[in-house]
Each structure stands twice: as structure tokens, then as C-alpha cells.
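Quick notes on the structure that follows.
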Amino acid sequence: MLGLKNYLAGGLNLLEDTIAAISTPLGEGGIGIVRLSGPAAFDIAKKIFRSKKKEWSAAEGHRLVYGHILDPAGQIVDEVLLGYMKAPHTYTREDIIEINCHGGIVPSKKILELVLSAGARLARPGEFSLRAFLNGRIDLAQAESIIDIIRARTETGLKLAVAQLNGSLSRKILELQDRLLGLLAQVEANIDFPEDDLEAATGQELLRTVGELLEQVEDLIRGAQAGKIYREGIRTIIIGRPNVGKSSLLNALLRENRAIVSDIPGTTRDIIEEMINIGGIPLKIIDTAGLHETENIIEKIGMEKTREMINRADLVLVVLDAGRELVAADLDIIGSVRDKKAVFLVNKDDLAEKKISVEELDVLAAGRPVLWVSAKEETGLDELEEKIFEMVMGGHLSGTDDALVTNTRHKQALEAAQRHLTDAVAELKKKVPVDVAAIDIRAAWEALGEITGNTVTEDLLDRIFADFCIGK
Ligand SMILES: Nc1nc2c(c(=O)[nH]1)N(C=O)[C@@H](CNc1ccc(C(=O)N[C@@H](CCC(=O)O)C(=O)O)cc1)CN2
Ligand SMILES: Nc1nc2c(ncn2[C@@H]2O[C@H](COP(=O)(O)OP(=O)(O)OP(=O)(O)O)[C@@H](O)[C@H]2O)c(=O)[nH]1
Ligand SMILES: [Mg+2]
Numbered sequence: 002m003l004g005l006k007n008y009l010a011g012g013l014n015l016l017e018d019t020i021a022a023i024s025t026p027l028g029e030g031g032i033g034i035v036r037l038s039g040p041a042a043f044d045i046a047k048k049i050f051r052s053k054k055k056e057w058s059a060a061e062g063h064r065l066v067y068g069h070i071l072d073p074a075g076q077i078v079d080e081v082l083l084g085y086m087k088a089p090h091t092y093t094r095e096d097i098i099e100i101n102c103h104g105g106i107v108p109s110k111k112i113l114e115l116v117l118s119a120g121a122r123l124a125r126p127g128e129f130s131l132r133a134f135l136n137g138r139i140d141l142a143q144a145e146s147i148i149d150i151i152r153a154r155t156e157t158g159l160k161l162a163v164a165q166l167n168g169s170l171s172r173k174i175l176e177l178q179d180r181l182l183g184l185l186a187q188v189e190a191n192i193d194f195p196e197d198d199l200e201a202a203t204g205q206e207l208l209r210t211v212g213e214l215l216e217q218v219e220d221l222i223r224g225a226q227a228g229k230i231y232r233e234g235i236r237t238i239i240i241g242r243p244n245v246g247k248s249s250l251l252n253a254l255l256r257e258n259r260a261i262v263s264d265i266p267g268t269t270r271d272i273i274e275e276m277i278n279i280g281g282i283p284l285k286i287i288d289t290a291g292l293h294e295t296e297n298i299i300e301k302i303g304m305e306k307t308r309e310m311i312n313r314a315d316l317v318l319v320v321l322d323a324g325r326e327l328v329a330a331d332l333d334i335i336g337s338v339r340d341k342k343a344v345f346l347v348n349k350d351d352l353a354e355k356k357i358s359v360e361e362l363d364v365l366a367a368g369r370p371v372l373w374v375s376a377k378e379e380t381g382l383d384e385l386e387e388k389i390f391e392m393v394m395g396g397h398l399s400g401t402d403d404a405l406v407t408n409t410r411h412k413q414a415l416e417a418a419q420r421h422l423t424d425a426v427a428e429l430k431k432k433v434p435v436d437v438a439a440i441d442i443r444a445a446w447e448a449l450g451e452i453t454g455n456t457v458t459e460d461l462l463d464r465i466f467a468d469f470c471i472g473k
């Protein structure tokens, strides 16, 4: 997003523009909202909006008025409800107008055009939220949570993002930053009275506190593993020989007849991707064409694609057929996931005659879980879901702690803070003068500040808000 540097260079003066955008998705819908923010918002609205309540803007904000949008020729464009909110108690801390028109591409675009010709400037992606940040209503971590709310894939993902919007993470980070600043103040005091025994005592105390803060940072980093999973989900691929029941398994997990199933081997030709929710984790589940020896060029391409997908997957479900003995193709498939997180599923457990050797399979699974399921009878699926949850979350915390870091950028900032604090600990142990360690403590403070935005650079802000949608 260009222009931010100008905002900052000129203080907040350049926030004097009034911005406008369509804030609802473009398409048919019940209502469409054109939003304006900035000092001229009310004046612009008065130019194009007519209502029986002549003095609507004199009343207190957070109200809706009924009326019409008129074009410059005085023709009615649409019947609307106009919402108005007065600064500073608004989303952006600026005057805000929201024109609620009929949902549809033409009315909302036409109204946007009218407000632009009446003096508003088209908002850049994320610019409303950027203003909320620049005007100090929310910090950067809170602003970023807004995009996570919009993109949440499960209720758990939503819950984590809303907690972040409410400042759960920001409070933790600010507390850590505060304590680091306290340490720096202590070092300063020490520089003014550089007596040896005092220095040694300060060094000891610093070492203890820095160690403690390092642990807290590391806790947050550990939580980030789980947070990332809740936010981004897990790529799970279903593979196996033709006809073992891969597509049937996909359908059973989705509880929907998504993929075509037939007793003809080679039914699935292309890759099918769907989302399911396992204990709050979004699972992207990918059904593939059966893997087998073939001379057919098209099939070969499909299989090449599957192997590439296996490499990119976080989890592999290897499906085998209980009614058939393991053959070379199965062994090849099992070999190809030697280094992957995998679950082995013996499907068609409902068949009376089982031909799979349990002992052989146990050896091949090499410690990874083997489950017996029937996609047709829908048995063993709950166990499968539990197993997946355990494998994905095992080791990370499984609960959804309030301040779980979900954002890769936040995790990187925490890792930078971790490195600086680790260095500080090493130096303090060597009993270097405390002001040497102070350099690392300050660097850790700065790294943490990138999360809440109090030490952030302009380029970083540009990148973060450019990822938002228009009208947000
Ligand atoms: N119509 C509409 N719906 C919306 C939004 C919006 O801007 N417009 N939002 C956003 O896109 C979200 C709501 N977020 C908001 C956050 C703060 C304020 C606000 O006016 N805050 C003031 C006053 C709070 C109060 O009265 O206590 C403030 O913080 O001072 C409004 C919406 C979701 N729904
Ligand atoms: N008895 C029994 N039959 C099943 C089960 N799951 C699938 N089948 C049958 O096995 C056949 C193949 O099922 P699909 O789901 O199409 O198998 P696939 O692995 O996707 O096959 P391709 O797409 O050809 O690789 C169909 O006739 C299914 O009805 C099961 O649990 N028990
Ligand atoms: Mg299939």
C-alpha cells in the first residue's frame, strides 16, 4: 500500500482525506454497505442523501436514518438507510458514514461513484483498519486479528482471533516489554554508580529475570505451533491403490457424497479437495487417483501430481483394502511415506474374509497408527478423528489458551526476542559488564514491539495492511 510513508512523515495530517469503499462483498445480497471515514464524511453524505429528517447529523451518532440517495440531476438512485457515527467514538476514530443500500453490484457501485465525485477518495485495502491503528484505537496485533476473524475456518479459529482483537495477546506482550524496560532502567542506574559488587549483584538479578522472561517468550512460541494449526489447518492427503475406498472415505468423513465412488478401479482421475473440522482444527482433505503401475500417459501425469501432493502434505492417510493381500504397489506406497506423519487405514473392515496380514502391516507402519475402518458402514471414523487430533496436536498444547499466537509474523518476532534473550543470558553468565547485556535486552524489547506495533517500520505496516480486503 503506497502512501503510508507520507502519512507518517507528515504526522497524522494526511489522515485528513476522507476515504470510501464498498464494505460488503460484491454480488447479490440483502444489503450493500458503502462506508466513508474522515472529516468530510458528513458533508459528502449531505450532498447526495435526502431524508425527511433534515437535521439528522445534529443528533448524537450511532443512528440510522431512512432516506434516498440522489444523483446530481436529482434522480433517485436507491432507497437507503444511512448510518452515522461521530468521531472519536467510531471504528476509525474519525467521522463515519455508512450507506446501507440494496445489495447488488449496481447500486453499491453507483453510490460509491457518487461519494467519490462528491469529494471522497477510494480507500486502499485495509485502510479503515489502518486508520483505527494509526489513530490509536487498536494496536497492530488487534488490527491483524480482524483479518483472521474474516478468514477464520472454524469456530475455534474465530474464538482465538476474537480474543486477540480484545487484546489478550497484546496485554501479554506489553507486560513482557514493560519488564524488559524495567531491566534497562536498572542497568542505567547501575552505570551511574559503577561499583564492582553492585554490578555483580545487578548482574545476578538481571540473569534471574531475563531467564524468567525468556521462559515466557518460549511458552508463547510453543503455543504458536498449535495456533498456526488452528489458523491455517492441516493438509491431509488420502492415498492408496485403486478401488481401496479412498473416495468413500472422503465422503464418509465429509458426511456428504462429494466424490464419485464406483467398483471400477481408476474412478477418481483428478485431485479433490475439501475442508472438514476436527475438534476445531480445519483439515484440508485431499482425495487422489489410485496409485498403481501404468503405461497410460494421463494416469502417469495424475500420479506424478499425487506424489508431489504427498510431499506437501502435513498428514497422509494410507488406505488399504482388508479384502486384498498386500502387493508390491501397496509396499511402494508405504515406502513413499517413510518419512511422513501417516495413519494406516485398513478399509472394508465389514468384509467377512480379511486377507491383510496384521503382523506384516504392523512392521511396515513402523510405530505409526494402524486403524480398521469401514467407509461403507461408517465404523472406526470417530477413532480416526481422535487419532488425527492427537497426532496433530500431540506435543503442542491441545487446549485453546486465550493468548495463543496464531500469526507467523508474531512467531518470528518472538523467535527474534528469544535469540536476543538467550544471548543476554549467555553474557550475564560470563559476567560481562551489564551494559553489554543491555544491548540484547533492548533488542528483545524491540522485537516484541513489532507484534503490537510500537516499534514497527513503515514497510512492515504497508505489507500487513495490503493483505486486507477492500472496505475493511
Ligand atoms: N455496520 C458495521 N458493522 C460492523 C462494523 C462496522 O464498521 N460497521 N465493524 C467493523 O468493521 C465491526 C464492528 N466493529 C466496530 C468496532 C468499533 C466500533 C466503534 O464505534 N467503537 C467506538 C464506540 C464504542 C462504544 O460505543 O462503546 C469506540 O471504540 O470508541 C464500531 C464497530 C463488525 N460490524
Ligand atoms: N465392503 C466395503 N466396500 C467398500 C468400502 N469402502 C468402499 N467400498 C467399495 O469399494 C469400491 C471402490 O470405492 P472407491 O471409494 O471408489 O475407491 P477409490 O479408492 O476411491 O478408487 P479409485 O478412485 O478408483 O482409486 C466401491 O465399490 C465402494 O462401494 C467399505 O468400507 N466396505
Ligand atoms: Mg476414488
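Sequential numbering from 2 applies to the sequence shown in this note's numbering.
For glycine and all other residues, C-beta sits at the position ideal for the given N, C-alpha and C.
Between the Cα of Ala330 and the Cα atoms of Met304, Asp264, Glu29, which residue gives the shortest distance?
-> Met304
By DSSP, does Ser38 sit in helix, in strand, or in coil?
-> strand
Drop a sphere of 10 angstroms on the beta-carbon of Leu250, count the other beta-carbons inside from all chains shown, and report buried for 16 or more, exposed for fewer.
-> buried
Residue closest to Ile474, alpha-carbon to alpha-carbon, out of Lys342, Arg122, Asn455 = Lying before the first or after the last residue shown, residue 474 is absent from the chain, which here runs from 2 to 473.
Thr25 beta carbon less than 8 Å from that of Ala41 = no
Is Glu294 helix, strand or coil by DSSP?
-> coil
Do the region 435–446 and the region 84–100 touch if we need at least three Cβ pairs shorter than 8 Å?
-> no
Which residues in the same chain as Ile23 place their Cβ atom closer than 6 Å to its Cβ, once the five residues preceding and following it in sequence are excluded?
-> Val35, Ser109, Leu113, Gly472
With DSSP as the reference, label Tyr374 as helix, strand or coil.
-> Here residue 374 turns out to be Val, not Tyr, going by the sequence shown. Three-state DSSP puts Val374 in coil, outside helix and strand.
For Asn455 and Gly212, the rounded distance between their alpha carbons = 24 Å
Own chain, CB closer than 6 Å to Ala140, minus 5 neighbours either side, in chain order = This sequence places Asp at residue 140; Ala is not what is there. For Asp140, where only same-chain residues beyond five positions count, the Cβ hits under 6 Å are Ser171, Thr453, Gly454.
So does Val245 have its beta carbon nearer than 7 Å to some heavy atom of ligand 2?
-> yes
Thr76, buried or exposed, once every other Cβ within 10 Å from all chains shown has been counted against 16 = Note on residue identity: the sequence assigns Gln, not Thr, to residue 76. That one is exposed.
Could you tell me the distance, in whole angstroms, from the CA atom of Gly30 to the CA atom of Val107?
-> 12 Å
Can you give me the Cβ contacts of Leu185 inside the same chain, cut-off strictly under 8 Å, excluding the 5 residues immediately before and after it?
-> Ala439, Ile442, Arg443, Trp446
Tell me whether Leu13 is buried or exposed, calling it buried when 16 or more other Cβ atoms sit within 10 Å of its Cβ.
-> With a pLDDT of 44 at Leu13, under the threshold of 50, the modelled position of that residue is not reliable, and the figure given next carries that caveat. Leu13 comes out exposed.
Can the beta-carbon of Lys388 be found less than 8 Å from the beta-carbon of Asp351?
-> no
Cβ of Ala124 versus every heavy atom of ligand 2: is any distance shorter than 7 Å?
-> no
Is Leu166 closer than 8 Å to Gln143 when the C-beta atoms are compared?
-> yes
Run the CB neighbour count on Tyr67, radius 10 Å, all protein chains shown included, and call it buried at 16 or more, exposed below.
-> exposed
Contact set, ligand 1 heavy atom to C-beta under 5 Å = His90, Thr91, Tyr92
Have a look at Ala60 and Asp149 and give me their C-alpha separation to the nearest angstrom.
-> 35 Å
Evaluate the contact criterion for the region 225–236 versus the region 282–290: three or more CB pairs, one atom per stretch, below 8 Å.
-> yes
Under 8 Å between C-beta atoms of Phe390 and Val371 | no
Take Gly281 and list the residues in its own chain whose beta-carbon comes closer than 6 Å to its own, dropping the five residues that flank it on each side.
-> Thr155, Thr157
Out of curiosity, what's the CA-to-CA distance linking Ala343 and Asp315?
-> 9 Å
Is Ile238 near Val317, with beta carbons less than 8 Å apart?
-> yes
C-alpha gap between Gly105 and Ser38, whole angstroms = 22 Å
Check Leu487 in the structure and name its three-state DSSP category.
-> Because residue 487 is not part of the residues shown, which for the chain are 2 to 473, the question remains open.
Three or more C-beta pairs closer than 8 Å, one from the region 423–431 and one from the region 209–229: is that the case here?
-> yes
What do you get for Arg1, buried or exposed, if any count of 16 or more other CB atoms within 10 angstroms of its CB means buried?
-> Since the displayed the chain opens at 2 and closes at 473, residue 1 lies outside it and no answer follows.
Inspect the CB distances between the region 68–88 and the region 123–135 and report whether three or more fall short of 8 Å.
-> no
Taking C-alpha atoms, which residue in Leu82, Asn244, His103 lies nearest to Leu27?
-> His103
DSSP state of Ala21, grouped into three classes?
-> strand
Where Gly246 and Ala323 are concerned, what is the direct C-alpha to C-alpha distance, given to the nearest angstrom?
-> 10 Å
For Arg223, which option in Ala467, Thr407, Glu451, Ala425 has the closest C-alpha, if you only look at C-alpha atoms?
-> Thr407
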